[in-house]
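Visitor: I have a structure here, written as structure tokens, and I will follow up with some questions on it.
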Amino acid sequence: MPKITSLEDLRKIKEQARDLTAARSGGKVKIIIGMGTCGIAAGAREIMTAVLEELDKRGLRDVVVETTGCIGMCQKEPLLDVIRPGEPRITYGNVRVEDVPMIIAEHVVNGRVVEEKVVGRTE
Amino acid sequence: MSMYRAHVLVCKGTGCTASGSPSVFSAFKEELAKRKLDNEVMLVETGCHGMCEMGPIVVIYPEGAFYCRVTAEDVPEIVEEHLYKGRIVERLLYTIPTDMTKVPHYKDIPFYSKQHRIVLKNCGYINPDHIEEYIARDGYQALAKALTQMSPEEVLEEVKRSGLRGRGGAGFPTGLKWEFARKAAGDKKYIICNADEGDPGAFMDRSVLEGDPHAVIEGMLLGAYAIGADEGYIYCRAEYPLAIKRLKNAISQAEEYGLLGNNIMDTDFSFHLHVKEGAGAFVCGEETALMASIEGKRGMPRPRPPFPAQAGLWGKPTNINNVETWANVPQIILNGADWYSSIGTETSKGTKVFALTGKVKNTGLIEVPMGITIREIVFELGGGILGDKEFKAVQIGGPSGGCLTKEHLDLPVDYESLTGAGAIMGSGGLVVMDEDTCMVDVAKFFLEFTQRESCGKCVPCREGTKQMLLLLEKITNGEGTMEDLNTLEELAHMVKRMSLCGLGQTAPNPVLTTLKYFRHEYEAHIKDKKCPAKVCTALITYNIDSEKCRKCGLCAKNCPVDCISGDRQTPYKIDQERCIKCGTCLEVCPFNAVYKD
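So this is what it looks like as structure tokens:
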């Protein structure tokens, strides 16, 4: 283990260690995946894996990933919601694994809603 | 995959471990693997959350859902419902006893929302065995700040200005204590962490050591830097095996990172830290006895002066602070003295951790700002008295403290107010008593403890506490006289005034305060030969109400000495001569026909 010899070293370890506790302190952007029976049947588990992989690849540690139950729009599952602080909750429907990188790159990172996949908007 | 979307925090504090958290932990491990969630859900063991009454406790983030009394059988449901489908398992959430509502979030539980956590900030939140988790929560930032931007004098000044006072009981200003040690002549100086927590019912220090050992280590590093010490000891009783294990692990991790040892963070500052296991003698919490014990001698106090700051461990200048005091220091350096002194009252700054036990609904560990009232602690954080009985008294400060009554409920909790009322802050034990508690019996209980723990070096403590105990036994046996009451009071004052160390000087406090506030109970034992709370066995009799008795015979069947007679025709009766007052008949009677008198 390298010795900590400066404030900078300590900051580096703190930075690396942040993902150890990040999920506990609450991030800035939230991704919610519908994980009701309908969602699971439509492939929500694969979406979840894809989301986590993409976040990891991009090193996004401030994003909270939650699951939720059926919200009644079963025909549009898998559903994926993105909430950015101070912005409306955007619900994407019929999400496919290959849509995930785009939603994360466009909406989560850059704040541009991927309009063609939007099925709902809640203030 | 290293991205974890959810964290499952299983409490592995002593309380939750005792109520079964290890099996909950392994059940989670198994279930997460089975569901293939182990790559995206992180399983963490933490220190004490403080609400041991509700253990084993499991907290799941990012939601912050707080599950109580979780068993291994509940785990598949939590994994399936919460972690897989995102539905909170309502039945396991905390229920507010007053209105029976369920509280989903940790921070909304009244027990926590009233607290102000500085010392316990990381307890139950981080894995105490991972130094990185401590660093992620600003750990060792205060040390880095001190070493790179502050002189030792500035660190000392900051602690002085913060108004921090010793949390071990007496409340001596910490900064001033450090200054004595800093100014003392000598090139070798020691600092010590007093972790010899021995009050019955107190577990504050244990929880800090188990839940956040690095906070204590960082506090000691800052103290050593300010004082100019290069070696330190943590004196912890061997009855705290988990605390010792975590401390030793924390020390070796800090050493690996170069945060302990020679030339810390590439500066001239060096500090070595050892853990010394004590054998669990209460007197070793007294600083001179503690130092004797570290030196390998019998743990006995010696007269002061010389004070430890002049001639302490092995004759060298030494500074001793308690666990909680040390754990406050990093926060003071990090956030500044002004921030710290904005919390609390005029003379008592910051927060205090209490172990809340006895007849309250929520027992556990709480950290509250100084100046909070006893009423708020007992009725809001504690949730009121068990079974909604009448509040009678609160014993504050353990065996060295005193009993306070209903009229003190609105007393602010700070050093001066408590001392003024005859109690002490002490290390923070808080035992709540209801109407069924006999105050003479309570005084006897605490005196039995101090009498047994007296080291025997000085006569007033050794003989005085013994004689006091004999008098109390005489009174609770119904053989006391009013003359005995005067002798008891006289002895108590004598022991308090003449004992060598804090143990003897404070041992009479429970007797003196109960005599002051509950004298009528003593008099009832003596004059009427009655125990008003019906606790002292010599003064009560068990009887059967012949009107309520349905002649079922359960009492007679269960009586261990066969002293109850009767049959379907004749009402049951207890033979008082042979009755051993075990109370079994009262417990088994389905018609509440047995009563104490």
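If you're matching them up, the sequences are chains B and V in order. So in the numbering used here, spot 43 of the first sequence is number 1007, and the numbers just go up one at a time. So in the numbering used here, spot 103 of the second sequence is number 110, and the numbers just go up one at a time. A virtual CB, placed ideally from N, CA and C, is assigned to each residue, including glycine.
(1) Using DSSP's beta-bridge definition, name the partner residues of R1085 (chain B).
(2) So if DSSP puts R244 (chain V) in a beta bridge, which residue, or which two residues, is it bridged to?
(3) At 8 Å on the CB atoms, spell out the chain V contacts of E1010 (chain B), in chain order.
(4) Taking the alpha-carbon positions, what's the F73 (chain V) to I64 (chain V) distance?
(5) Mind listing the chain B neighbours of T155 (chain V)? Cutoff is C-beta to C-beta under 7 Å, in chain order.
(6) Just checking: is the beta-carbon of K128 (chain V) within a distance shorter than 8 Å of some beta-carbon in chain B?
(7) Only counting runs of 3 or more residues, tell me where the beta strand (DSSP E) segments fall wholly within the stretch 408 to 477 of chain V, in order along the chain.
(8) Quick one, which of V:D115, V:G178 and V:I251 has its alpha-carbon nearest K359 (chain V)'s?
(9) Check this for me: beta carbons of I1011 (chain B) and V1061 (chain B), under 8 Å apart or not?
(10) Give the list of continuous alpha helix (DSSP H) stretches no shorter than 4 residues that lie fully inside the stretch 505 to 551 of chain V.
(11) Give the straight-line distance between the Cα atoms of I106 (chain V) and S277 (chain V), rounded to the nearest whole angstrom.
(12) Give me the Cα-Cα distance between N134 (chain V) and H279 (chain V), rounded to the nearest whole angstrom.
(13) Against chain V, does I977 (chain B) count as a neighbour if the rule is that its beta carbon must be under 8 Å from one of theirs?
(14) Return helix, strand or coil for M107 (chain V), following the three-state DSSP convention.
(15) What is the DSSP secondary structure of E594 (chain V), reduced to helix, strand or coil?
(16) If distances are taken between C-alpha atoms only, which option among V:Y141, V:V447 and V:K464 comes closest to L478 (chain V)?
(17) Could you name the residues of the stretch 69 to 84 of chain V whose beta carbon sits closer than 9 Å to any beta carbon of chain B, in the order they occur along the chain?
(18) List the residues of chain V that R982 (chain B) touches, going by C-beta distances under 8 Å, in chain order.
(19) Just grab the DSSP bridge partners of M49 (chain V) for me.
(20) Measuring only between beta-carbons, confirm whether E47 (chain V) sits less than 8 Å from chain B.
(21) Hey, E331 (chain V) and M211 (chain V): beta-carbon distance below 8 Å or not?
(22) Quick check on this structure: which residue in V:T102, V:H123, V:Q576 and V:V126 has the alpha carbon closest to the alpha carbon of I116 (chain V)?
(23) So with Cβ pairs under 8 Å, would you call T1086 (chain B) a contact of chain V?
(24) Using 8 Å as the limit for Cβ to Cβ distance, is D1020 (chain B) near chain V?
(25) Assign Y197 (chain V) to one of three DSSP states: helix, strand, or coil.
(26) Leaving aside the five residues before and after M8 (chain V) along the sequence, list all residues of the same chain whose C-beta is less than 8 Å from its C-beta, in chain order.
(27) Could you give the DSSP three-state label for P1065 (chain B): helix, strand or coil?
(28) Helix, strand or coil, according to DSSP, for P308 (chain V) in the structure here?
(29) Kindly list, in the order they appear in chain V, the residues whose Cβ is closer than 7 Å to that of K967 (chain B).
(30) Within 8 Å of any Cβ in chain B, is that where the Cβ of G93 (chain V) sits?
(31) Anyone know if the C-beta pair for G389 (chain V) and V466 (chain V) falls short of 8 Å?
(32) Within the 8 Å Cβ cut-off, does M10 (chain V) reach chain B?
(33) Mind checking whether D552 (chain V) and C570 (chain V) have CB atoms under 8 Å apart?
(34) If I measure Cβ to Cβ from N201 (chain V) and keep anything under 8 Å in the same chain, skipping five residues before and after, which residues do I get?
(35) Here's a check: name, in chain order, each residue in its chain whose Cβ is nearer than 8 Å to the Cβ of K1115 (chain B), leaving out the five neighbours to either side.
(36) Checking contacts by CB at 8 Å: is R988 (chain B) closer than that to chain V?
Guide: In short, the structure shows the following:
(1) Sequence index remark: in the first sequence, residue 1085 (chain B) carries index 121 (1-based). Bridge partners of R1085 (chain B) according to DSSP: B:I1054.
(2) As a position in the second sequence, residue 244 (chain V) is number 237, starting the count at 1. Paired residue(s): V:G285.
(3) Position 46 of the first sequence, counting from 1, holds the residue named residue 1010 (chain B). Ordered by position in chain V, no residue passes the 8 Å Cβ test against E1010 (chain B), which lies about 12 Å from the chain.
(4) Within the second sequence, residue 73 (chain V) is the residue found at index 66, counting from 1. Within the second sequence, residue 64 (chain V) is the residue found at index 57, counting from 1. Answer to the nearest angstrom: the Cα atoms are 7 Å apart.
(5) As a working mapping, residue 155 (chain V) is identified with position 148 in the second sequence. By Cβ distance, chain B contributes L971.
(6) On the second sequence, residue 128 (chain V) is found 121 positions in, with the first residue counted as 1. Taking 8 Å as the CB threshold, K128 (chain V) stays off the interface with chain B.
(7) Listed in chain order, the complete beta strand (DSSP E) runs (minimum 3 residues) inside the stretch 408 to 477 of chain V are 409 to 412 and 436 to 441.
(8) Here residue 359 (chain V) refers to the residue found at position 352 of the second sequence. Closest option to K359 (chain V), Cα to Cα, is V:G178.
(9) As a first step, residue 1011 (chain B) is located in the first sequence; it is residue number 47 there, counting from the start. As a first step, residue 1061 (chain B) is located in the first sequence; it is residue number 97 there, counting from the start. Yes, these two residues count as a Cβ contact at 8 Å.
(10) Here the runs fully enclosed are 509 to 513, 516 to 524 and 526 to 530.
(11) Counted from its first residue, the second sequence places residue 106 (chain V) at position 99. Counted from its first residue, the second sequence places residue 277 (chain V) at position 270. A small correction: the amino acid at residue 106 (chain V) is Asp; Ile does not occupy that position in the sequence shown. Taking the straight line from one Cα to the other gives about 55 Å.
(12) On the second sequence, position 127 is the one that residue 134 (chain V) refers to. On the second sequence, position 272 is the one that residue 279 (chain V) refers to. Taking the straight line joining both Cα atoms gives about 24 Å.
(13) On the first sequence, position 13 is the one that residue 977 (chain B) refers to. Yes, I977 (chain B) counts as interfacial toward chain V.
(14) Counting from one through the second sequence, the residue named residue 107 (chain V) turns up at place 100. M107 (chain V): coil per DSSP, three-state reduction.
(15) Along the second sequence, read from residue 1 onward, the residue named residue 594 (chain V) stands at position 587. E594 (chain V): helix per DSSP, three-state reduction.
(16) Within the second sequence, the letter at position 471 stands for residue 478 (chain V). Closest by alpha carbon: V:V447.
(17) Residues of the stretch 69 to 84 of chain V that bring their beta carbon within less than 9 Å of a beta carbon in chain B comprise P69, E70 and G71, in sequence order.
(18) By 1-based counting over the first sequence, the position of residue 982 (chain B) is 18. Ordered by position in chain V, the residues that pass the 8 Å Cβ test against R982 (chain B) are A143.
(19) Working through the second sequence from its first residue, we reach residue 49 (chain V) at position 42. According to DSSP, M49 (chain V) bridges with V:H14.
(20) Residue numbering aside, residue 47 (chain V) sits at position 40 when the second sequence is read from its first letter. True, the Cβ-Cβ gap to chain B drops below 8 Å.
(21) Counted from its first residue, the second sequence places residue 331 (chain V) at position 324. Counted from its first residue, the second sequence places residue 211 (chain V) at position 204. For E331 (chain V) and M211 (chain V), yes; Cβs fall inside 8 Å.
(22) Mapped onto the second sequence, residue 116 (chain V) falls at position 109. Ranking V:T102, V:H123, V:Q576 and V:V126 by Cα distance to I116 (chain V) puts V:T102 first.
(23) Residue mapping note: residue 1086 (chain B) aligns to position 122 of the first sequence, counting from 1. Not closer than 8 Å to any Cβ of chain V, the Cβ of T1086 (chain B) fails to qualify, so no.
(24) Within the first sequence, the letter at position 56 stands for residue 1020 (chain B). True, the Cβ-Cβ gap to chain V drops below 8 Å.
(25) Position 190 of the second sequence, counted from the start, is the residue given in the question as residue 197 (chain V). Strand.
(26) As a first step, residue 8 (chain V) must be located in the second sequence, where it is residue number 1. For M8 (chain V), the predicted structure reports a pLDDT of 46, less than 50, and the residue's modelled location is therefore unreliable. The matter cannot be settled from this model.
(27) For the purposes of this step, residue 1065 (chain B) is taken as residue 101 along the first sequence, with counting starting at 1. The answer is helix: DSSP assigns P1065 (chain B) an H, G or I state.
(28) Taking the second sequence and counting its residues from 1, the one referred to as residue 308 (chain V) is at position 301. Coil at P308 (chain V), not helix or strand.
(29) Taking the first sequence and counting its residues from 1, the one referred to as residue 967 (chain B) is at position 3. Y264 and G265, listed in chain order.
(30) Residue numbering aside, residue 93 (chain V) sits at position 86 when the second sequence is read from its first letter. Interface residue, yes.
(31) Here residue 389 (chain V) refers to the residue found at position 382 of the second sequence. Here residue 466 (chain V) refers to the residue found at position 459 of the second sequence. Here G389 (chain V) is not near V466 (chain V), since their CB atoms are 8 Å or more apart.
(32) Here residue 10 (chain V) refers to the residue found at position 3 when the second sequence is read from its first residue. True, the Cβ-Cβ gap to chain B drops below 8 Å.
(33) As a first step, residue 552 (chain V) is located in the second sequence; it is residue number 545 there, counting from the start. As a first step, residue 570 (chain V) is located in the second sequence; it is residue number 563 there, counting from the start. The answer is no: Cβ separation not under 8 Å.
(34) The residue you call residue 201 (chain V) lines up with position 194 of the second sequence. Counting only residues of its own chain and dropping the five nearest sequence neighbours on each side, N201 (chain V) has a CB closer than 8 Å to the CB of G175, Y242, G292, E294, L297, I327, N328, N329 and V330.
(35) Examination of residue 1115 (chain B) is not possible in this model, given that chain B is present from 965 through 1087 alone.
(36) Walking along the first sequence from the start, residue 988 (chain B) turns up at place 24. With respect to chain V, the C-beta atom of R988 (chain B) has a partner C-beta closer than 8 Å.
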